[in-house]
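Participant: Got a structure for you, questions after.
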Amino acid sequence: MKKILFTGGGSGGHVTLNLSLIPLFIQNGWQVVYIGSKTGIEKELVCKISGVRYYAIETGKLRRYLSIENLKDMFKVPVGIWQATKIIFNEKPDIIFSKGGFVSLPVVIGGFLNRRKIFMHESDVTPGLANKLSLPFVHKFFTTFIETKDHVKNKNKVKYIGPVLSDRLYNGDKNRALERLDFSAEKPIVMFVGGSLGAKSINRAVEKNIEQLLEKYQVIHICGKGQRTFIMAQGYKQFEFVDTELKDFMAASDVVVSRSGSNAIFELWSLRKPMLLIPLPSTSSRGEQSLNARSFEKQGFAEVLQDRDLDKSGLLLRAIDRVYEERDLMAQNMENSELKYTSAEELFTEIING
Numbered sequence: 002m003k004k005i006l007f008t009g010g011g012s013g014g015h016v017t018l019n020l021s022l023i024p025l026f027i028q029n030g031w032q033v034v035y036i037g038s039k040t041g042i043e044k045e046l047v048c049k050i051s052g053v054r055y056y057a058i059e060t061g062k063l064r065r066y067l068s069i070e071n072l073k074d075m076f077k078v079p080v081g082i083w084q085a086t087k088i089i090f091n092e093k094p095d096i097i098f099s100k101g102g103f104v105s106l107p108v109v110i111g112g113f114l115n116r117r118k119i120f121m122h123e124s125d126v127t128p129g130l131a132n133k134l135s136l137p138f139v140h141k142f143f144t145t146f147i148e149t150k151d152h153v154k155n156k157n158k159v160k161y162i163g164p165v166l167s168d169r170l171y172n173g174d175k176n177r178a179l180e181r182l183d184f185s186a187e188k189p190i191v192m193f194v195g196g197s198l199g200a201k202s203i204n205r206a207v208e209k210n211i212e213q214l215l216e217k218y219q220v221i222h223i224c225g226k227g228q229r230t231f232i233m234a235q236g237y238k239q240f241e242f243v244d245t246e247l248k249d250f251m252a253a254s255d256v257v258v259s260r261s262g263s264n265a266i267f268e269l270w271s272l273r274k275p276m277l278l279i280p281l282p283s284t285s286s287r288g289e290q291s292l293n294a295r296s297f298e299k300q301g302f303a304e305v306l307q308d309r310d311l312d313k314s315g316l317l318l319r320a321i322d323r324v325y326e327e328r329d330l331m332a333q334n335m336e337n338s339e340l341k342y343t344s345a346e347e348l349f350t351e352i353i354n355g
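First residue of the sequence shown: 2, per our numbering; consecutive thereafter.
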């Protein structure tokens with residue numbers, strides 16, 4: 002029986018793809034092992050999957066800026082490499098697949114020391130620091146954006162595959178959404194999505210502008226766990242989290258306001274949804290969301306509004322109005338684009354034949 006070892010963690014974006022691939026390997030008779038951190042989201046998510054052995058190692062966060070924490074974490078990384086090397090030596094996986102995040106670097110180095118074939122995936126325009134440091138040790142580097150190749154020295158390892166998308170948001174039912182929301186079919190709908198944990202700045206902006214928004218639009222607001230507002234108005238519906246109904250809400254929405262994480266925006270692209278993107282500010286990220294948003298804006302798929310401008314009078318409303326007015330053009334640009342996407346099944350085949 003063949004065996005694959007997955008790694009990746011620290012945020013949901015570094016785990017989601019692995020969660021899509023793991024069942025395919027299990028269904029095809031592979032043993033699956035996962036190396037992650039002791040307290041990261043990946044442990045909680047992966048340990049729910051029957052038949053997967055999970056190993057936790059020491060991890061030090063990789064920062065691009067000066068911090069005393071870098072000195073502390075500097076000692077964790079060699080420990081993590083030693084632990085990962087030992088686990089890989091004992092498990093002897095045929096393949097290692099890394100989705101990135103700070104836990105992945107020790108695993109990639111450990112895999113290289115054990116002479117394992119390693120595949121890696123990057124969701125954003127520029128490689129994260131862990132992926133950038135891991136690149137010399139991997140066999141093949143899959144990318145979501147065409148532009149990523151411009152940021153990599155060894156271009157022979159790079160293979161552009163586009164986003165890996167599931168069908169979870171396809172075949173939504175607009176009428177079912179309107180009934181669930183008690184919305185009118187005659188008035189356009191704007192949906193605000195702040196990400197899996199919500200976005201306080203976006204939530205504040207909705208609250209501040211709700212009266213003017215409701216003059217023109219109906220509003221679906223996915224605010225995030227524990228971040229409910231006190232808005233009570235006809236034409237406004239708020240949810241902390243949406244699962245099965247999300248595809249129906251997407252089908253009903255004329256404009257989607259979202260952060261610009263790679264997974265989120267490519268799902269919107271696949272649905273041809275005109276979007277207003279509000280990237281995470283540079284104080285909260287390495288700037289990858291701004292690059293993602295800029296790429297989509299340049300291709301005519303989206304408008305971009307900076308997080309710092311959410312508090313400026315009228316800017317949010319004017320940006321939404323522009324997207325709504327240009328919605329047909331944006332949808333056509335997405336339809337005509339040369340971007341491609343890959344299914345989890347296609348990536349599974351790429352890996353086992355790679």
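From the three backbone atoms N, C-alpha and C, an ideal C-beta is built for every residue, glycine too. Just so it is clear, the structure is predicted and the values come from calculations on it, not from any experiment.
Kindly indicate which three-state DSSP category K141 falls into: helix, strand or coil?
Facilitator: Reduced to three states, the DSSP call for K141 is strand.
Participant: Nearest CA to the CA of H140: which residue from M121, V47 and P275?
Facilitator: Checking every option, the nearest Cα to that of H140 belongs to M121.
Participant: How long is the line joining the alpha carbons of D329 and V33, rounded to whole angstroms?
Facilitator: So the alpha carbons of these two residues sit roughly 45 Å apart.
Participant: By Cβ distance, which residues of its chain are closer than 7 Å to L20, with the 5 residues on each side in sequence left out?
Facilitator: Answer for L20: L46, listed in chain order.
Participant: Who are the Cβ neighbours of I97 in its own chain at under 6 Å, not counting the five residues just before and after it?
Facilitator: Cβ neighbours of I97 beyond the five flanking positions: L6, G112, R117 and I119.
Participant: May I have the straight-line CA-CA distance separating V194 from W270, to the nearest angstrom?
Facilitator: Those two C-alpha atoms are separated by around 15 Å.
Participant: CA-CA distance, E289 and S12?
Facilitator: Distance between the alpha carbons of E289 and S12 is about 14 Å.
Participant: At which residues does the alpha helix (DSSP H) containing Q333 begin and terminate?
Facilitator: Its alpha helix (DSSP H) spans residues R328 to N337.
Participant: How about V165 and F142: are their beta carbons less than 8 Å apart?
Facilitator: Cβ atoms of V165 and F142: not closer than 8 Å.
Participant: If you scan the stretch 228 to 304 from start to end, which runs of the beta strand (DSSP E) of 3 or more residues do you find wholly inside it?
Facilitator: Segments of the beta strand (DSSP E) lying fully in the stretch 228 to 304: 237 to 240, 256 to 259 and 276 to 278.
Participant: With a threshold of 6 Å on Cβ separation, who are the neighbours of Y237 within its own chain once the five nearest residues in sequence on each side are excluded?
Facilitator: The answer, listed in chain order, is V220.
Participant: On a Cα-Cα basis, can you pick out the residue from A253, G14, E304 and Y161 that is closest to I42?
Facilitator: When each option's Cα is compared against that of I42, the closest is G14.
Participant: Please confirm whether N293 and D125 have their CB atoms less than 8 Å apart.
Facilitator: Cβ distance < 8 Å, so N293 and D125 count as in contact.
Participant: Between A186 and the rest of its own chain, which residues show a CB-CB distance below 7 Å, the 5 nearest in sequence each way excluded?
Facilitator: Closer than 7 Å at the Cβ level, and outside the excluded window around A186, lie L179.
Participant: Taking the C-alpha atoms as reference points, what is the distance between R319 and E298?
Facilitator: Whole-angstrom Cα-Cα distance: 16 Å.
Participant: Roughly how many whole angstroms lie between the Cα atoms of E346 and Q235?
Facilitator: Those two C-alpha atoms are separated by around 43 Å.
Participant: Would you report the Cα separation of I82 and M75, rounded to the nearest angstrom?
Facilitator: Near 12 Å, if we compare the C-alpha coordinates of M75 and I82.
Participant: Measuring only the C-alpha atoms, how far is F242 from G227?
Facilitator: Answer to the nearest angstrom: the Cα atoms are 10 Å apart.
Participant: Once DSSP output is grouped into helix, strand and coil, what is the label at F184?
Facilitator: Residue state, collapsed to three classes: coil.
Participant: Alpha carbon to alpha carbon, how far is R273 from A303? Give it in angstroms, no decimals.
Facilitator: A303 and R273: Cα-Cα distance of roughly 11 Å.
Participant: With DSSP collapsed to three states, give me the class of Q28.
Facilitator: Correct three-state label for Q28: helix.
Participant: Looking at L170: is its Cβ nearer than 8 Å to the Cβ of E246?
Facilitator: The answer is no: Cβ separation not under 8 Å.
Participant: Taking the alpha helix (DSSP H) that I202 belongs to, which residues open and close that run?
Facilitator: Checking the displayed sequence, the identity of residue 202 turns out to be Ser instead of Ile. Element bounds for S202: K201 to K217.
Participant: Determine the burial state of S51: buried for a count of at least 16 other Cβ atoms within 10 Å of its Cβ, exposed for fewer.
Facilitator: The residue in question, S51, is exposed, as its Cβ has fewer than 16 Cβ neighbours within 10 Å.
Participant: What residue from S291, L278 and C224 has the CA that sits closest to A200's CA?
Facilitator: Here the closest residue by C-alpha is C224.
Participant: What does the alpha-carbon distance come out to for the pair I279 and F231?
Facilitator: Answer to the nearest angstrom: the Cα atoms are 23 Å apart.
Participant: Ordered along the chain, which non-local residues of its own chain (more than five positions away) have a Cβ less than 6 Å from that of G129?
Facilitator: The answer, listed in chain order, is G101.
Participant: Tell me the rounded alpha-carbon separation between Q333 and D255.
Facilitator: Taking the straight line joining both Cα atoms gives about 14 Å.
Participant: Figure out for me which residue from P189, E208, K209 and V207 has the closest Cα to the Cα of K217.
Facilitator: Of the candidates P189, E208, K209 and V207, the one whose C-alpha sits nearest the C-alpha of K217 is P189.
Participant: Taking the continuous alpha helix (DSSP H) assigned at V78, which residues delimit it?
Facilitator: It spans K77 to E92 - the alpha helix (DSSP H) in which V78 sits, taken as one unbroken run.
Participant: Roughly how many angstroms separate the alpha carbons of F240 and L348, rounded to a whole number?
Facilitator: Rounded to the nearest angstrom, the two C-alpha atoms are 33 Å apart.
Participant: Measuring only the C-alpha atoms, how far is R295 from Y161?
Facilitator: Distance between the alpha carbons of R295 and Y161 is about 19 Å.
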